[in-house]
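Note sheet for the following structure.
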């Protein structure tokens, strides 16, 4: 099939996906930008103190040159409301890496950079990204971002490799590193002063990018916040293919999993596991302790019948395969999703409509012949990034879990952020803060837990001196869900980097209709929050972090 025809076919599919709200690329911008900087008044560092003035005109920055810059532009942006005047420098790094560096009229000496969701390629003017830029510039940060080397509006999904195979490396690791170096150099030129501290804050694929920075380029950032990181893109891909096979087996086609069935399942999970931590509060504190079996703990449908409040044997088996994760030659090779991740929540990524199970549209399609979001992401990865050259017509139904898992090894060496050796990052004084929702329905949370435990084993007992993980009960992908999901990890990280005060907890809030209805402390793994026995269970001050 000619490349032009391939692109037309992909654009058509992308439009359909966008219409159903299943694009995972949004996860990088559905970030905690509304929570970043929220606790500055309680922090040890007033990083909003911005007294460094430019030493060059904004217009002159359009003439800045370096070996990697293909084109560059500089525009003076006037102050708008709380967002101060700033110089917006944009351009392209070879071959096609779009970048931005926004430089406030008064600078706090720091660089703040965000990452990308899914297969990246977002517009630098995406509303979610612009909101993060405005917040950072308002605080006095120099702000940086990149599209990682392609425009998803023109080259959707992972199809960008069709025009230039080098873009695979740009997406996997090169673009963020090169943009960080360029942003530092441009900032130094504008203020005639080097960046004192550099920070990264992003989620999902952006979390993966942050881990890649710590592992491959430890000098780039002093502090990294990696929320729900896509640690193992290839493992996730195999898992998504596994789930798709589980929910599209022949017996399920006649009686597929429905939103009503998954809502009923969610209720049974909560009924069995909510109080395991000693508190019945609508949250599963640690789903690993939840001994839930859909074949045992959910009513079975009568033979030959189906209904919203029962499961057929094939339906129960499919659910247990999703919880269990993929197997190869009879052995588990990657984590599954946690009990509680199927909970009924608001539509993902700010979508409209009534609450539904978090699995709908992401793990389970809305129609028997549909493709959920996780599977679409995995299918694109297989077709365009795993195979070299790309194989756009690859039928993922032919994937053999006993024989084909090593097809992904080569791509994994480029993209996966699973190297536990952080010794260089630790030695140069870097700090790494990871968060993960226990109810994440996009990326398997044990991906993050397992990486943290592997890093601890590799880097020794002092790992928590530079790397801490905070698990969030009830939180779905990056934010949302049933639990408190709003917290300011940026202020905590800056205090850690600049005042050597490690975060012993993060205060998280659940907000409904602009009102805080619950707060809880998030504890550094493996600690968990426990109720003291007095006062409201919706008040974080009545909880303490304890060891398991």
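Residue numbers (this note's numbering): -19 to 528.
Glycine included, every Cβ here is placed at the ideal spot set by N, Cα and C.
_If you follow the alpha helix (DSSP H) that residue 391 is in, where does it begin and where does it stop?_
On the chain shown, position 411 is the one that residue 391 refers to. Run containing residue 391: 389 to 395, per the alpha helix (DSSP H) assignment.
_Please list the terminal residues of the continuous alpha helix (DSSP H) segment that includes residue 355._
Along the chain shown, read from residue 1 onward, the residue named residue 355 stands at position 375. Element bounds for residue 355: 353 to 360.
*Considering residue 303, what are the terminal residues of the alpha helix (DSSP H) in which it resides?*
Taking the chain shown and counting its residues from 1, one reaches residue 303 at position 323. That run of the alpha helix (DSSP H) goes 293 to 304.
*Answer yes if the stretch 20 to 32 comes into contact with the stretch 40 to 49, meaning at least three C-beta pairs across the two stretches below 8 Å, and no otherwise.*
no
_Can you give me the C-alpha to C-alpha distance between residue 526 and residue 103, rounded to a whole angstrom?_
Here residue 526 refers to the residue found at position 546 of the chain shown. Here residue 103 refers to the residue found at position 123 of the chain shown. Roughly 43 Å between the two C-alpha positions.
_Between the alpha carbons of residue 228 and residue 306, how many angstroms are there, rounded?_
As a position in the chain shown, residue 228 is number 248, starting the count at 1. As a position in the chain shown, residue 306 is number 326, starting the count at 1. If you take the alpha carbons of residue 228 and residue 306, they lie about 15 Å apart.
*Pick from 292, 275, 150 and 276: whose alpha carbon is nearest that of residue 283?*
Here residue 283 refers to the residue found at position 303 of the chain shown. If we check each option's Cα against that of residue 283, 292 comes out closest.
*Whose CA, out of 137, 182, 316 and 52, lies closest to the CA of residue 427?*
In the chain shown, the residue the question calls residue 427 occupies position 447. For the residues 137, 182, 316 and 52, the minimum Cα distance to residue 427 belongs to 316.
*Count the other CB atoms, across all protein chains shown, that sit within 10 Å of the CB of residue 50; report buried if there are 16 or more and exposed otherwise.*
Your numbering for residue 50 matches position 70 in the chain shown. The residue is exposed, with fewer than 16 neighbouring Cβ atoms inside 10 Å.
*If you check the beta carbons only, do residue 245 and residue 368 fall under 9 Å apart?*
Position 265 of the chain shown, counting from 1, holds the residue named residue 245. Position 388 of the chain shown, counting from 1, holds the residue named residue 368. Not closer than 9 Å, so no.
*Along the chain, where does the alpha helix (DSSP H) that runs through residue 153 open and close?*
Here residue 153 is taken as the residue at index 173 of the chain shown, counted from 1. Element bounds for residue 153: n/a, residue is neither H nor E.
*3-residue-minimum beta strand (DSSP E) runs that sit fully inside the stretch 440 to 518, ordered along the chain*: 447 to 452, 486 to 492, 495 to 502 and 508 to 511
_CB of residue 192 within 9 Å of CB of residue 152, strictly_ = Here residue 192 corresponds to residue number 212 of the chain shown, with the count starting at 1. Here residue 152 corresponds to residue number 172 of the chain shown, with the count starting at 1. Cβ distance < 9 Å, so residue 192 and residue 152 count as in contact.
*Meets three-Cβ-pair contact criterion under 8 Å: the stretch 132 to 149 and the stretch 104 to 119*: Judged by Cβ distances under 8 Å, the stretch 132 to 149 makes no contact with the stretch 104 to 119, as fewer than three pairs qualify.
_For residue 186 and residue 8, the rounded distance between their alpha carbons_ = Taking the first residue of the chain shown as position 1, residue 8 is located at position 28. Taking the first residue of the chain shown as position 1, residue 186 is located at position 206. Note on residue 8: pLDDT 44, under 50, position unreliable in the model; the coordinate value appears next. Distance between the alpha carbons of residue 8 and residue 186 is about 6 Å.
_If I measure Cβ to Cβ from residue 312 and keep anything under 8 Å in the same chain, skipping five residues before and after, which residues do I get?_
Taking the first residue of the chain shown as position 1, residue 312 is located at position 332. So the list reads 304, 305 and 306, once near-sequence residues are dropped.
_If you measure between the beta carbons of residue 407 and residue 198, is that distance less than 9 Å?_
As a first step, residue 407 is located in the chain shown; it is residue number 427 there, counting from the start. As a first step, residue 198 is located in the chain shown; it is residue number 218 there, counting from the start. Going by C-beta atoms, residue 407 is nearer than 9 Å to residue 198.
*Cβ-based burial, residue 378 [other Cβ within 10 Å; buried from 16]*: In the chain shown, counting from the first residue as 1, residue 378 sits at position 398. With fewer than 16 other Cβ atoms within 10 Å, it is exposed.
*Using the Cα positions of residue 448 and residue 424, report the straight-line distance between them to the nearest angstrom.*
Numbered from its first residue, the chain shown carries residue 448 at position 468. Numbered from its first residue, the chain shown carries residue 424 at position 444. Whole-angstrom Cα-Cα distance: 18 Å.
*Identify every residue that forms a DSSP beta bridge with residue 183.*
Translated into the one-based positions of the chain shown, residue 183 becomes position 203. Paired residues: 207.
*Where residue 168 falls, given that 16 or more other Cβ within 10 Å makes a residue buried*: For this step, residue 168 is matched to residue 188 along the chain shown. It counts as exposed.
*asked:* For residue 124 and residue 80, I'd like the C-alpha separation in whole angstroms.
replied: Taking the chain shown and counting its residues from 1, the one referred to as residue 124 is at position 144. Taking the chain shown and counting its residues from 1, the one referred to as residue 80 is at position 100. Their backbone Cα atoms lie some 5 Å apart in a straight line.
*Can you tell me which of the three DSSP states residue 249 falls into?*
The residue given as residue 249 occupies position 269 in the chain shown. Helix.
_Extent of the continuous alpha helix (DSSP H) run through residue 276_ = Here residue 276 corresponds to residue number 296 of the chain shown, with the count starting at 1. Residues 274 to 277.
*So, using beta-carbon positions, are residue 179 and residue 204 closer together than 9 Å?*
As a first step, residue 179 must be located in the chain shown, where it is residue number 199. As a first step, residue 204 must be located in the chain shown, where it is residue number 224. Cβ atoms of residue 179 and residue 204: closer than 9 Å.
_Pair within 9 Å by beta-carbon distance, residue 101 and residue 68_ = By one-based count along the chain shown, residue 101 stands at place 121. By one-based count along the chain shown, residue 68 stands at place 88. Cβ distance not < 9 Å, so residue 101 and residue 68 don't count as in contact.
*Assuming residue 181 contacts residue 16 (C-beta within less than 8 Å), just tell me the rounded distance between them.*
Numbered from its first residue, the chain shown carries residue 181 at position 201. Numbered from its first residue, the chain shown carries residue 16 at position 36. The beta-carbon distance between residue 181 and residue 16, rounded to whole angstroms, is 6 Å. This is short enough to meet the 8 Å contact definition.
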